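Chemist:
In mature numbering (1 follows the signal peptide of the UniProt record, and there is no 0), the protein residues as written are -33 to -1, 1 to 412.
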């Protein structure tokens, strides 16, 4: 029994349509998830984490938590949009409002669907497994995004091949039904070559698009190498910066005491911790955490406290490895340049984590920071800052004595580089770039 050409065509088209709809569905799902991710990072990440309490409580399965607590239906969505209205209508929301003295921001611009997208994104996350100390790899959000894009391209390529084979099968069946003589010695490869030659213009254009897409994908992948945005390794001791720098107001330079005199900011020694924790022993779950400091220092708080002399080193996990060919000096930036720590490290008064590579989007939202766009800790990020950071003092500034650190470089700007000097005359500002901050040897060995 022969299959009619219309039946064969319908069968092949059903398969092709099913594959296309599957990809469209996956694309829509991915777009929905990406919207939730982007909204979370833009609206929530400053105060909330997925699995840990921060300035605000953790958000993982927060809808279930509200439901189990007896909250009214939709109350948690209204809480995100306007927490004050939610408090007025729901007793559970009023109870939640006492969790922290810090008032939550109002997000009246978010629709119900956008809030649900945020919660769906949060609930879809998997808690990170503790990272073993060792070389820092390039695993990060940017890499995951590139991998997802690569997956979509593979699916599209597979669909393209299936469609080509389906069209070939339909053509063969049409020939049989029409009674045309078929060359039984013609292989699929030979038939495809003949078809490609017949439609060489379209095949050439399609091939060019595929090749260009592959090249672009390759370069995007290369650009994501060693991009560490939002990287956060596990640490042997939990150190909430929000409690030390925020609640207790400890200056960054007290613990990182070499930041004004050295290339490195320095990790605080256990002795620095013991300056406070010899007296502050904590309560509840804090006792076990502080005991790790005592073990490292060889200290026993019993009986007024005494040192045993048996110490254990604390093995911290490094957040970022500066490449060997790169020169960076903390004292040059902090003491001479007057750069605030939050410009590169974020607002430590709100950061619960011990250490994290703060994404550039969060850094740019901090008041007083220079607004940058390139990924944190990349060369583009540094160059962008050097092009925007203004230098104060020197002979170009009115009413300033001629004894600034940058006087000599200012004089060179006046006398030697006319193009940069013209740039200064246009905006009245002297940036790091105009003082040679874009010269390769300033940062590279």
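The C-beta atom is built at its ideal place from N, Cα and C for all residues, glycine as well.
Note that the structure is predicted; figures quoted are calculated from it, not measured.
1. Quick one: residues in its chain with C-beta nearer than 7 Å to the C-beta of residue 358, no 5 flanking neighbours on either side, listed in chain order?
2. For the 8 Å Cβ check, are there 3 or more pairs between the stretch 85 to 94 and the stretch 12 to 31?
3. Just the Cα atoms here: how many angstroms apart are residue 201 and residue 76?
4. Measuring CB atoms only, is the stretch 322 to 332 touching the stretch 170 to 186, in the sense that at least three cross pairs come out at less than 8 Å?
5. Output needed for residue 341: all residues of its chain with C-beta closer than 6 Å, excluding positions within five of it in sequence on either side, in chain order.
6. How is residue 34 classed by DSSP in three states: helix, strand or coil?
7. Determine the closest residue to residue 318 out of 45, 209, 63 and 195, with distance taken between C-alpha atoms.
8. Using 10 angstroms around the beta-carbon of residue 323, count the other beta-carbons present and answer buried if the total reaches 16, otherwise exposed.
9. With a 10 Å radius around its C-beta and 16 neighbouring C-beta atoms as the bar for buried, classify residue 336 as buried or exposed.
10. Should residue 46 go down as buried or exposed, given a rule of 16 or more other Cβ atoms within 10 Å for buried?
11. Where DSSP assigns a beta bridge to residue 357, which residues make up the other side?
12. Could you give the DSSP three-state label for residue 292: helix, strand or coil?
13. Measure the beta-carbon distance from residue 353 to residue 405 and round it to whole angstroms, keeping in mind my assumption that it falls under 8 Å.
14. Three or more beta-carbon pairs under 8 Å between the stretch 25 to 40 and the stretch 120 to 129, yes or no?
15. Taking the alpha-carbon of residue 229 as reference, which of 300, 9, 264 and 50 has the nearest alpha-carbon?
16. Can you tell which of 192, 392, 63 and 213 has the C-alpha that lies nearest to the C-alpha of residue 34?
17. Sorted by chain position, which residues of the same chain lie with C-beta nearer than 7 Å to residue 163's C-beta, five sequence neighbours on each side aside?
18. Alpha carbons only, please: which of 389, 191, 393 and 316 is nearest the one belonging to residue 13?
19. At what residue ranges does the stretch 238 to 306 contain a whole run of the alpha helix (DSSP H), taking only runs of 4 or more?
20. Quick one: is residue 26 buried, meaning 16 or more other Cβ sit within 10 Å of its Cβ, or exposed?
21. For the alpha helix (DSSP H) containing residue 220, list its first residue and its last residue.
22. If the criterion is Cβ atoms closer than 8 Å, does the pair residue 223 and residue 235 meet it?
23. Please classify residue 80 as buried or exposed, where buried requires at least 16 other C-beta atoms within 10 Å of its C-beta.
24. Look up residue 411 in the DSSP assignment and say whether it is helix, strand or coil.
25. Are the CB atoms of residue 320 and residue 199 nearer to each other than 8 Å?
26. Is the CB of residue 409 under 8 Å away from at least one CB in chain C?
27. Between which two residues does the alpha helix (DSSP H) carrying residue 180 extend?
28. According to DSSP, is residue 106 part of a helix, a strand, or is it coil?
29. Quick one: residues in its chain with C-beta nearer than 7 Å to the C-beta of residue 265, no 5 flanking neighbours on either side, listed in chain order?
30. Which class does residue 28 belong to by DSSP, given the choice of helix, strand or coil?
31. Is the separation between the beta-carbon of residue 226 and that of residue 297 shorter than 8 Å?
32. Just curious, the alpha helix (DSSP H) that residue 229 is in, first and last residue?
33. On the criterion of 16 or more Cβ atoms from any shown chain inside 10 Å, does residue 195 qualify as buried, or is it exposed?
34. Run through DSSP, which three-state label would residue 55 get?
35. Going by beta carbon distance, what residues of the same chain come within less than 6 Å of residue 50, once the five residues before and after it are set aside?
Modeler: By the coordinates alone:
1. 373, 397, 398, 399 and 402
2. yes
3. 35 Å
4. no
5. 347, 348 and 351
6. helix
7. 209
8. buried
9. buried
10. buried
11. 398
12. coil
13. 6 Å
14. no
15. 300
16. 63
17. 170
18. 316
19. 253 to 264
20. buried
21. 219 to 222
22. yes
23. exposed
24. strand
25. yes
26. Of the chains in the structure shown, none is chain C; there is only one protein chain.
27. 167 to 190
28. Its pLDDT being 42, under 50, residue 106 is placed unreliably in this model, and the value from its coordinates should be taken loosely. Coil, per DSSP.
29. 274, 275, 276, 277 and 278
30. coil
31. yes
32. Taken as a continuous stretch (DSSP letters only), residue 229 belongs to no alpha helix (DSSP H), as it is neither H nor E.
33. buried
34. helix
35. 71
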